[in-house]
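Below is one structure; the comments refer to it alone.
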Amino acid sequence: MTKVTVNIAPFEGQKPGTSGLRKKTRVFMQEHYLEAFVQSVFDAIGGGDGKRFVIGGDGRYFNVQATQTIIRIAAANGAAGVIVGQNGLLSTPAASNLIRQNGTDGGFILSASHNPGGIDEDFGVKFNAANGGPAPEGLTTRIFEASRAINGYHILRADDVDLGQIGEVSLGNMKIEVVDPVASYQVLMEQLFDFDAIRALFAGGFTMRFDAMHAVTGPYATAILQEALGAPEGTVVNAVPSEDFGGGHPDPNPIWAKPLMDLMMSDDAPDLGAASDGDGDRNMIVGRGAYVTPSDSLAMLAANAHLAPGYKDGLAGVARSMPTSGACDKVAEKLGIACFETPTGWKFFGTLLDAGRATLCGEESAGTGSDHVREKDGLWAVLLWLNILAARGLSVAEIQEAHWAEFGRNYYSRHDFEAVPEVEATALVDGIITRIDDLPGKSFAGMAVEKADEFAYRDPIDNTLSEHQGLRIWFQGGARAVLRLSGTGTEGATIRLYLEHYRSDGSIEGHSTAAVLEPLRQAVLELAGFQQHIGRVDPDVIT
Ligand code: G6P
Ligand code: ZN
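Read left to right, the sequence shown gives residues 434 to 976 (my numbering).
Next comes the structure, spelled out in structure tokens:
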């Protein structure tokens with residue numbers, strides 16, 4: 434076993450995006466590429482001497498190999514110890530929990546979240562800080578700078594560590610703890626939720642299907658829902674993590690979790706359907722015949738969270754990303770608590786959670802979570818829903834209808850235009866920015882603009898300013914459109930168009946979301962000039 438320093442030239446483009454560095458798997462597999470990025474993280478945090486880290490990933494192709502590489506680099510950078518999930522597996526929220534519980538100096542999470550896995554698909558590396566949350570912007574900037582200045586990395590030449598065996602081994606002077614990926618996460622869930630009440634719900638015949646989408650939540654959901662809470666075997670489907678997620682797209686939304694959606698809309702639907710993504714931080718909730726949008730789910734969880742033991746004293750505040758609908762704002766108003774509007778990306782919730790200003794957070798991109806960790810948490814959201822359903826004795830559809838009747842309804846939909854040439858996407862967005870101050874008062878397809886701006890956020894805790902975070906356009910009558918470019922794609926640009934129309938009269942009988950949002954959609958297509966700029970008006974995906 435020898436420590437060596439390998440001299441290299443910097444790689445282009447090792448800039449962490451919304452959620453870590455995400456590239457095609459083959460890019461990561463190039464000689465020195467992963468090593469260069471990991472060394473850049475160590476350089477950016479002032480070295481690894483005496484520090485401890487958590488390492489694990491979502492089980493996608495290259496997960497195990499990358500885990501072994503990071504272990505060797507950590508050892509060569511002087512790390513005192515690493516905590517690694519058995520077989521290199523850890524869900525993102527479980528990794529966040531391990532960082533916090535063990536007081537480590539951070540962690541490496543190997544995942545490209547909901548993007549497909551495989552040698553020709555996507556891979557990613559996220560570095561989380563000591564609070565358990567995604568690296569804040571200052572740190573990602575330092576990592577990028579380090580990646581541009583790098584001239585070598587340190588690595589231990591050694592055999593692979595046995596990650597199949599739970600227990601302790603050492604590599605040079607570094608201690609390696611291989612842990613059960615589920616155990617301490619499960620303990621945390623038992624502290625937050627009324628497991629007895631949920632157990633009684635299942636014992637009373639409540640039915641559920643949880644689709645793990647061949648990804649990391651399989652073992653977590655099986656242990657918690659089936660083994661601890663008594664849901665019958667077969668409740669969790671696609672429960673064995675596979676390197677390519679069964680050839681699918683592990684994204685829990687009505688498009689990619691279509692088999693689950695079809696079941697939930699059929700006569701054989703169970704009481705609750707749920708799914709999570711590649712790394713276990715996203716969630717989808719659907720009742721029998723009743724899909725709950727992520728924005729609504731956040732609002733409904735906020736309104737009912739006090740029914741779960743972990744939140745019985747109420748919420749300090751809530752936070753949502755800017756494109757997320759305003760449904761939770763209505764709840765916050767009624768509860769008399771603050772509702773923060775942050776840029777897209779979970780990292781922006783970190784300071785609010787750390788400062789105790791927000792308890793629940795959520796995003797339209799199927800993420801919901803709380804101050805129990807510093808990541809969004811798919812299974813946590815499912816358990817909170819189960820706890821609420823057990824406490825209220827109502828169906829998902831009944832809770833949803835009652836919520837809309839009380840707070841009004843934010844009709845909401847997201848339209849994604851994928852693989853748009855970057856120049857065209859930028860021209861479309863810039864074309865609006867140059868006119869943004871002149872938009873109020875103008876009408877498009879019969880709808881008048883009330884206000885428009887480019888969203889900028891000053892973090893109320895650390896004062897950091899984040900600019901260019903998407904365009905907001907409010908129209909007459911409670912309609913809002915948001916436009917922004919995705920920060921997570923790996924090919925071309927993805928334009929996201931978020932449409933929302935608030936109606937205080939609750940659910941409008943016989944009106945589909947698409948029908949309510951159609952006038953707004955027409956107005957934005959005209960205002961932005963989709964046809965002129967990108968040659969199309971129809972999105973690839975509507976969620
Ligand atoms: C990741 C982050 C989320 C964020 C989402 C946005 O999933 O963890 O916090 O909402 O990316 O993705 P986008 O592609 O819209 O930038
Ligand atoms: Zn994810």
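We put the beta carbon where it would ideally sit given N, CA and C, even for glycine.
Original post:
So, helix, strand or coil for Gln447, using DSSP?
Top reply: Reduced to three states, the DSSP call for Gln447 is coil.
Subject >> Distance cut-off 7 Å: Ser758 Cβ against heavy atoms of ligand 1 >> reply: no
Subject >> Cross-strand partners of Ala934 (DSSP beta bridge) >> reply: Note that residue 934 is His in the sequence shown here, rather than Ala. Its beta-bridge partners are Tyr844, Ala912.
Original post:
Which same chain residues, not among the five before or five after Asp593, have their C-beta less than 7 Å away from its C-beta?
Top reply: Gln501
Original post:
Any heavy atom of ligand 1 closer than 7 Å to the CB of Glu851?
Top reply: no
Original post:
Can you tell which of Asp938, His934, Val957 has the C-alpha that lies nearest to the C-alpha of Ala948?
Top reply: It is His934.
Original post:
Counting only runs that start and end within the stretch 838-884, where is the alpha helix (DSSP H) found for 4 or more residues in a row?
Top reply: Given a length threshold of 4 residues, each whole run of the alpha helix (DSSP H) inside the stretch 838-884 is given here in chain order: 855-866.
Original post:
From Leu696 to Asp704, what does the alpha carbon distance come to, in whole angstroms?
Top reply: 11 Å
Original post:
Looking at Arg954 and ligand 1, is the gap between the Cβ and the nearest heavy atom below 7 Å?
Top reply: No, ligand 1 has no heavy atom inside 7 Å of this Cβ.
Subject >> For Phe444 and Arg581, the rounded distance between their alpha carbons >> reply: 7 Å
Subject >> Beta-carbon contacts of Cys794 that lie in its chain and below 6 Å, excluding the five residues immediately before and after >> reply: Ala752, Phe782, Gly802
Original post:
Does the stretch 630-642 touch the stretch 816-823, meaning 3 or more C-beta pairs lie closer than 8 Å?
Top reply: Yes, since at least three Cβ pairs between the stretch 816-823 and the stretch 630-642 fall closer than 8 Å, the two stretches touch.
**OP:** Counting only the same chain and skipping the five closest in sequence on each side, list residues whose C-beta sits under 6 Å from that of Phe888.
**Re:** Met755, Gln902, Gly903, Arg905
Subject >> Per-residue DSSP class, three states only, for Glu774 >> reply: strand
Original post:
Which word fits Pro893, buried or exposed, when buried means at least 16 other C-beta atoms lie within 10 angstroms of its C-beta?
Top reply: exposed
Original post:
Which runs of the alpha helix (DSSP H), 4 residues or longer, sit entirely within the stretch 675-750?
Top reply: Taking only runs of at least 4 residues, the alpha helix (DSSP H) segments lying wholly in the stretch 675-750 are 691-697, 727-737.
Subject >> Simplified DSSP assignment, three categories, for Arg969 >> reply: Reduced to three states, the DSSP call for Arg969 is coil.
**OP:** Over the uninterrupted alpha helix (DSSP H) stretch that includes Tyr618, give me the two end residues.
**Re:** 616-625
Original post:
For Gly481, which option in Asp491, Thr537, Val806 has the closest C-alpha, if you only look at C-alpha atoms?
Top reply: Thr537
Original post:
Could you give the distance in angstroms between the alpha-carbon of Glu797 and the alpha-carbon of Gly743?
Top reply: 24 Å
**OP:** Determine the closest residue to Asn561 out of Ser529, Gly722, Ile552, with distance taken between C-alpha atoms.
**Re:** Ser529
Original post:
Is the stretch 878-886 close to the stretch 855-862, with three or more CB pairs under 8 Å?
Top reply: no
Original post:
By Cβ distance below 6 Å, which residues in the same chain neighbour Leu898 in space, the five residues on each side in sequence not counted?
Top reply: Arg891
Subject >> Beta-bridge pairing of Val669 - partner residues as DSSP gives them >> reply: Phe643
Original post:
Just checking, does the stretch 602-616 make contact with the stretch 504-524 on the three C-beta pairs under 8 Å criterion?
Top reply: yes
Original post:
Less than 8 Å separating the beta-carbons of Thr757 and Ser728?
Top reply: Result yes, Cβ atoms of Thr757 and Ser728 sit closer than 8 Å.
Subject >> Proximity below 8 Å, CB of Phe556 to CB of Phe461 >> reply: yes
**OP:** Compute every distance between the C-beta of His647 and the non-hydrogen atoms of ligand 2, then say whether any falls below 7 Å.
**Re:** no
**OP:** Determine, using beta carbons only, whether Leu472 and Ile583 come nearer to each other than 8 Å.
**Re:** Strictly speaking, residue 472 in this sequence is Gln, with Leu absent from that position. Between Gln472 and Ile583, the C-beta gap is smaller than 8 Å, which places the two residues in contact.
**OP:** Starting from the N-terminal end, write out each residue whose C-beta falls within a distance shorter than 5 Å of any non-hydrogen atom of ligand 1.
**Re:** Thr451, Ser452, Thr777, Gly778, Trp779, Glu796, Ser798, Ser919, Gly920, Thr921
Original post:
How many Å lie between Pro838 and Ser544 at the Cα?
Top reply: First, the residue type needs correcting, since residue 838 is Ala and not Pro in the sequence shown. Using only the alpha carbons, I get a separation of about 40 Å.
**OP:** Select from Val725, Arg715, Met646 the residue whose C-alpha is nearest the C-alpha of Ala690.
**Re:** Out of Val725, Arg715, Met646, the CA that lies nearest to the CA of Ala690 is found in Met646.
Subject >> Collapsed DSSP secondary structure at Ile532 in the structure displayed >> reply: Ile532 falls in the helix class under three-state DSSP.
Original post:
Where does the unbroken beta strand (DSSP E) through Ile631 begin, and where does it stop?
Top reply: That residue, Ile631, is in no beta strand (DSSP E); its alpha helix (DSSP H) goes 628-636.
**OP:** Decide yes or no for the touch test of the stretch 659-666 against the stretch 674-690: beta carbon pairs closer than 8 Å, at least 3 of them.
**Re:** Taking one beta carbon from each stretch, the stretch 659-666 and the stretch 674-690 have fewer than 3 pairs nearer than 8 Å; the two do not touch.
Subject >> Residue of Leu827, Arg842, Met434, Asp712 minimising C-alpha distance to Gly911 >> reply: The option with the nearest alpha carbon to Gly911 is Arg842.
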